[in-house]
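In what follows, a structure is listed as structure tokens, so that the remarks can point back to it.
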Amino acid sequence: MPALTGLLWLIGYWLVGEVVIYLSGLPVSSGVVGMLLLCATLAVIGRVPDSLAAAAQPLIALLAMLIMPGVVGVFFILDELAGQWLAILVALLLGTLLSVVTTLWLLKRLMGSHAH
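Be aware that the sequence shown starts at 1, since it is given in UniProt numbering, and climbs by one per residue.
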């Protein structure tokens, strides 16, 4: 039952992201907005609820499969990206660096005194 509650957390934040995108017209994925809001919520409360951890753990194992459709889709637009390799490389490197730094910061903050 805890995993179901955690899944409802994830779906709820995704739906909040949908509403934010619908009302604001931002050109960003609603999933990204929802996860940013969830990340902010977790940073404020300072911990990850057990139910959310129970729901997220199996999804982490499937992460590669969840990302694969977007990666495969790039191969269909390679001609359109031909002159953009420098920008793509910089975006990938900067995005990866920011993702790692943010993840480490959040992990350290949420682990708190449990890190020892």
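Backbone N, C-alpha and C fix where the C-beta goes; we use that ideal spot for every residue, glycine too.
Separation of residue 8 and residue 94 (C-alpha to C-alpha, rounded to the nearest whole angstrom) is 32 Å.
Taken atom to atom, the span from the alpha-carbon of residue 61 to that of residue 54 is near 12 Å.
Cβ-Cβ distances below 7 Å link residue 30 to 14, 17, 18, 21 in the same chain, with the five nearest sequence neighbours on each side left out; the list follows chain order. In chain order, 13, 14, 16, 17 place their CB closer than 7 Å to the CB of residue 34, counting only its own chain and leaving out the 5 sequence neighbours on each side. Rounded to whole angstroms, residue 70 and residue 63 show a C-alpha spacing of 12 Å.
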